[in-house]
Every structure is written in C-alpha cells, then in structure tokens.
Amino acid sequence: DAVMTQSPLSLPVTLGQPASISCRSSQSLVYTDGNTYLNWFQQRPGQSPRRLIYKVSNRDSGVPDRFTGSGSGTDFTLEISRVEAEDIAVYYCMQGTHWPLTFGGGTKLEIK
Amino acid sequence: QLQLQESGPGLVKPSETLSLICSVSGASIISTGSYWGWVRQPPGKGLEWVGSVYYNGNNHYSPSLISRATISLDTSKNQFSLRLTSVTAADTAVYYCARLEGCTGINCYWGFDSWGQGSLVTVSS
Numbered sequence: 001d002a003v004m005t006q007s008p009l010s011l012p013v014t015l016g017q018p019a020s021i022s023c024r025s026s027q028s029l030v031y032t033d034g035n036t037y038l039n040w041f042q043q044r045p046g047q048s049p050r051r052l053i054y055k056v057s058n059r060d061s062g063v064p065d066r067f068t069g070s071g072s073g074t075d076f077t078l079e080i081s082r083v084e085a086e087d088i089a090v091y092y093c094m095q096g097t098h099w100p101l102t103f104g105g106g107t108k109l110e111i112k
Numbered sequence: 113q114l115q116l117q118e119s120g121p122g123l124v125k126p127s128e129t130l131s132l133i134c135s136v137s138g139a140s141i142i143s144t145g146s147y148w149g150w151v152r153q154p155p156g157k158g159l160e161w162v163g164s165v166y167y168n169g170n171n172h173y174s175p176s177l178i179s180r181a182t183i184s185l186d187t188s189k190n191q192f193s194l195r196l197t198s199v200t201a202a203d204t205a206v207y208y209c210a211r212l213e214g215c216t217g218i219n220c221y222w223g224f225d226s227w228g229q230g231s232l233v234t235v236s237s
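From first to last, the protein sequence lines stand for chains A and B.
So that you can map any letter, position 94 of the first sequence is 94 in my numbering, and since no number is skipped, the others follow by simple counting.
To convert, take the position in the second sequence, counting from 1, and add 112; that gives my numbering.
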C-alpha cells in the first residue's frame, strides 16, 4: 500500500501569513499514463471533506487561487499564500494512483 | 448538480451488520467514469477509504475490510449501499458516501469530487 505521511500534524498560523503542508508517499504516485493522482482535501469543523486540488496542482471549481498544490513523484506540498479565517480546517492528502486508495493522517491548521 | 445523501440506523449492536444507503441525484450511478463508495472517519480521527465500485463490476475494497464489506449498486433507484458484517466498537465512525472520479475518455482524475453529509454509526450494546 502507498502510505501517505503528512507533516506537520498541527500548524499554528497567523491570519494573513502563508502556510505550507507536506505530504510524502511511500512509493511513486506517477501512474503508467504519466499522470500523478495526488489530491488535497479540506475538512472544516463539522463538515464533509471538500476536494481542493486534483492531479497535484489543479484547483477544483470555486477554490480560491491562494491555494496552490505542487510536487512530484513522492513529495507534495499544499501552500496557502495568505491564510484567512475560513481556511481553518484539517487538510488531507490522498493518492488515487494505486489501489487501495490511501489518505494522509491530516494536518490541522489553527490560529496562532 | 450532483448530490449524495446517506441514510441508515445510527446504532448497531456488536457482532451485527451495519447497513447504509446512499441516494444519488444529479447523475446516474451507471455513468462512465464514476465509481461509488464509502469513506469513514472515527470520532476525532482521520479519513479511511472503505471501498469503491463501478457499474461494470470493477470493485475495490480496503484490504483491512474486504472480508466484511460489500458495496452494492441499485440502478433502479439510483442508489448504492454498504453492508459491513460482524461490527465491533472499532467500526464506530461517520460514514461518508462519495463519488470517485475515474476516467472519462482520455481524462482521468482519481479523486473524490462529491461527498454526502455523513452518517454517524455507533456500535454499542
């Protein structure tokens, strides 16, 4: 199985400042078709998860451009350029390249 | 607009079977490229994939749950279900139904683009 490891577990941030979350896979997420199926999800308190990013760096419809996904192979990053109050949530990475599908353990973005 | 809605008992006794239904509107569960399945989240913990199935029988399950989990499609009602047998307290979780986007033509996505609101199932006597 592709084990997804996120860091940090908790990320205290100041509103208006940037934030960065790391996600590392135990194996390459490059599929035989050349694509890398790495997703990022946001889960606000009491809500269902919402996909923000698919295929490493593609933002879903309605996702603010302050969210940027990057990376390749086994190492990936979600960056928020300027954190807003509505961004306080838990963020998960998830790989869709290999069965079984696997999620990272989550990173909790908190106000400092 | 795709919408998913879970329904089912909120309390199940240990050793019994957990059963949930996900009603789908805004898309057909036999549409090309759409896998239908479940993700669960124990209280205060992270997300765990349970399984995802395709209308042609291409089914995938978590190795840790494959012996107990069955996901079935009901095309007449445009809904799908989860059965999890021999439950224990460790199966207590919010269960989300979700669509996994696969491939449409040459475009592939392999991520969950739509989620239900979640259904809390507690296993307790």
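Note that the Cβ used here is the ideal one computed from N, Cα and C, for glycine as well.
Looking at the backbone, the Cα of B:F224 and that of B:E213 are separated by about 6 Å. Beta bridge pairing from DSSP links B:W148 with B:V165 and B:R211.
Within the segment 92 to 103 of chain A, contact with chain B at the beta-carbon level (separation under 8 Å) is assigned to Y92, M94, G96, T97, W99, P100, L101, T102 and F103. Contact note: A:G105 reaches chain B through G158, using a C-beta cutoff of 7 Å and chain order. For A:P8, no chain B residue has a Cβ inside 7 Å of its Cβ, as the nearest lies near 14 Å away.
Residue contact check for A:K55 against chain B: a CB pair falls below 9 Å. Proximity of B:S135 to chain A, defined by a Cβ-Cβ separation below 9 Å, is not satisfied.
Setting aside the 5 residues that flank it on each side, B:N168 has no residue in the same chain whose C-beta is closer than 8 Å to its C-beta. Separation of A:T36 and B:C220 (C-alpha to C-alpha, rounded to the nearest whole angstrom) is 10 Å.
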